[in-house]
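Working notes, beginning with the structure itself.
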Amino acid sequence: MIAVVDYGAGNLHSVERALRHVDAEITVTHDPSEIADATGVVLPGVGAAADTMRGLERAGVIPAILDAIDGGVPYLGICMGLQVLYEASDEDGGTTCLGVVPGRVVRFPPSQHVPHMGWNQVRQQVESPLFAGIPQDANFYFVHSYHAPVDGAPHVAATTDYSVTFTSALLRDNVFATQFHPEKSGAAGLRLYANFVRLAGQHPRDEAIP
Amino acid sequence: MPEHIPVLTRRIIPCLDVKNGRNVRGVKFSADVDAGDPVELAARYDREGADELVFYDITASAEGRDIMGDLVERVASEVFIPLTVGGGLRNADDMYAMLRRGAEKVSINSAAHRDPDLIRIGADRFGSQCIVLSIDAQLRSDRDSPWWEVVLDGGRTPTGLDAIEVAQRGVELGAGEIVMNSIDADGTRAGYDLDQLRAVSDVVPVPVVASGGAGSIEHIRAALVEGRAHAALAASIFHFKMISIERVKRELVAAGLPMRMDPFAAVAVSGRPIRHSREGGNPDRT
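Protein chains in written order, with the numbering used here: chain A, 1 to 210; chain B, 1001 to 1286.
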């Protein structure tokens, strides 16, 4: 069973629908014991860093998420589910995050229109089963105002250019996260979910992907 | 192109006018389009490579909005690209209902022109990225220089408001995107109102979506290049299968515009799907 963490994220249902579409067996939950038993953990997210951290704290799911990550369970973070993995974010006057990976999330330069919203290219920087069947430079759908810088940052799995080059996907062992929204990215996004579902030990329905 | 919005792909957005849960354009005149089930049509557009879908509820009654909510939910379970819903949204609760059912964005029109504060309320509650301000505008020549007047109810109700000013004010209040619908061009298939598009694109720092008048790929190209729009919305040319989305995008790429070519959804020129190896890597580059 894959646990989709329910802490009030706006895109929870979209993520849930995309996973169900590729036949993932999921439970939408904030119950720490269900997260502990899961063979995969998905953290959706959209909105602001402080709201996200508050939502996670209120739902009481942070220890269970960190235990799953430490225990080697495949983790998939989406958008804010990527940003909260870093030590901190500049958003909301500075927000302490989960600190799973080193680094700080920053705002796009003022010269740049925010949010970065729309389809943009994702340049894969590593080989991973998570990118299986997804062409280099495929377009994915983004909506965000803050980003994780690339310079000197470890675990960069993919990069995207929006005046600056930022981390559009992160990969460290069992921890994978995307700044883009695969649940709104057409067939390429569904393929990414199917790849994750397979890593979580399940058998996604490939025919569900155009 | 405005420098403040670089590199993003230009978008092709098919628009579905929905009445009582059925697509109405495309049913009346074409036997090609099946009974007009918006879910099937949405799935077809997705397969052809649409970047986003817009649904306008043209019933716009309370009952119509319930049906629309169900429809959004059904489409959102089948189609995994951003959905925008508009038509008769009067307040933040109406917007919330659509976002909750699976819409990515809501498009507000008449209610926002009657009470611009609705834009601010929506943006504060849901974020600017959710709020699309749709403006129906008609060319006027009763002043020293031509101007575009915001009109409501499909052109029947003039407002005296200048469309360019309304667009600027809308962005200040929090609109994340502006749809410019030319009432003069709408339904003519004679091309978008390029002067109007350029006038708005030059003064607002958010993407402008061209609407009204699409009849050919050249019209779409002109809207994106001369009109400086970031996206082109079209209804009948896609419903009637006059042009496929896939072909539009292919020709726009050839014209030098950045477009998202969905390698899975696209149908190759040969008519067969483009295949990729499971290892990834873009065959176009190898």
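The beta-carbon is built from N, C-alpha and C at its ideal position, and this holds for glycine as well.
Neighbourhood of Ala1222(B) by C-beta, 8 Å cutoff - its chain only, sequence neighbours within 5 removed: Gly1191, Tyr1192 and Leu1194
CB contact check: Arg1047(B) to chain A, cutoff 7 Å: yes
Selection of the region 1081-1115 of chain B by Cβ proximity to chain A, strictly under 7 Å: Ile1081, Pro1082, Gly1102 and Glu1104
Sub-7 Å separation of Asn11(A) and Val46(A) beta-carbons: yes
Whole-Å CB distance - Ala68(A) paired with Ala38(A), under 8 Å assumed: 7 Å
Reference Gly1087(B); option with closest CA among Leu1133(B), Glu1218(B) and Val1171(B): Leu1133(B)
Proximal chain B residues relative to Arg17(A), where beta-carbon distance stays under 7 Å: Ala1076 and Ser1077
Residue nearest to Ala1043(B) in terms of C-alpha spacing, selected from Gly118(A), Arg191(A) and Gly186(A): Gly186(A)
The region 152-160 of chain A / the region 183-202 of chain A touching (three or more Cβ pairs under 8 Å): no
Buried/exposed call for Gly1026(B), threshold 16 Cβ in 10 Å: Confidence at Gly1026(B) is low in this model, with a pLDDT of 43, below 50, so the placement of that residue is unreliable and no value is reported for it.
Continuous alpha helix (DSSP H) stretch holding Ile35(A): start and end: Pro32 to Asp37
Beta carbon of Leu98(A) nearer than 7 Å to that of Ser128(A): no
Inter-residue CB distance, Val22(A) and Arg205(A) (contact presumed, cutoff 8 Å): About 6 Å separates the two Cβ atoms, so the contact holds.
Glu91(A) to His116(A) span [Cα, whole Å]: 15 Å
Collapsed DSSP secondary structure at Arg1228(B) in the structure displayed: coil
Span of the beta strand (DSSP E) around Gly1307(B): The requested residue 1307(B) is not part of the displayed model; chain B covers only 1001 to 1286.
Among Asp1186(B), Ile1183(B) and Ala1255(B), nearest to Glu1218(B) - alpha-carbon criterion: Ala1255(B)
C-alpha distance - Asp1117(B) paired with Asp161(A), whole-angstrom precision: 35 Å
7 Å Cβ cut-off: residues of chain B touching Val143(A): Gln1129
Residue-level contact to chain B via CB, Gly81(A), 7 Å cutoff: no
Inter-residue CB distance, Ala1076(B) and Arg1100(B) (contact presumed, cutoff 8 Å): The Cβ separation is near 10 Å, so there is no contact.
Ranges of the alpha helix (DSSP H) found wholly within the region 1013-1078 of chain B, counting only runs of at least 4: Under the rule that a run must span 4 or more residues, the alpha helix (DSSP H) segments found entirely inside the region 1013-1078 of chain B read 1038-1048 and 1062-1078.
Within chain A, the residues that Pro1205(B) reaches when beta carbons sit closer than 9 Å: His113
Among Leu1008(B), Ser1107(B), Pro1014(B) and Cys1130(B), nearest to His1239(B) - alpha-carbon criterion: Pro1014(B)
Any chain A beta carbon closer than 7 Å to Met1009(B): A small correction: the amino acid at residue 1009(B) is Thr; Met does not occupy that position in the sequence shown. So, interface residue.
Short Cβ contact (7 Å threshold) for Gly1176(B) with Val1206(B): Closer than 7 Å, so yes.
Which residues DSSP lists as bridging Ser1145(B), in chain order: In the DSSP output, where bridge partners are listed per residue, Ser1145(B) has none listed.
Inter-residue Cα distance where the pair is Thr1188(B) and Gly1212(B): Just so you know, the alpha carbons of Thr1188(B) and Gly1212(B) end up roughly 8 Å apart.
Neighbour list for Arg1260(B) in chain A, Cβ cutoff strictly below 7 Å: Listed along chain A are Trp119 and Asn139, each with a C-beta nearer than 7 Å to that of Arg1260(B).
Inter-residue spacing [alpha-carbon to alpha-carbon] between Thr165(A) and Asp1144(B): 47 Å
Contact with chain B by Pro149(A), beta-carbon distance below 7 Å: no
Within chain B, the residues that His30(A) reaches when beta carbons sit closer than 8 Å: The contacting residues do not exist; His30(A) stays about 19 Å from chain B at best.
Collapsed DSSP secondary structure at Ser185(A) in the structure displayed: coil
Within chain A, partners of Asp1051(B) - CB distance below 7 Å: Trp119
Burial state of Pro63(A), where buried means 16 or more other Cβ atoms lie within 10 Å: Exposed.
Beta carbon proximity, Pro63(A) to chain B, threshold 7 Å: no
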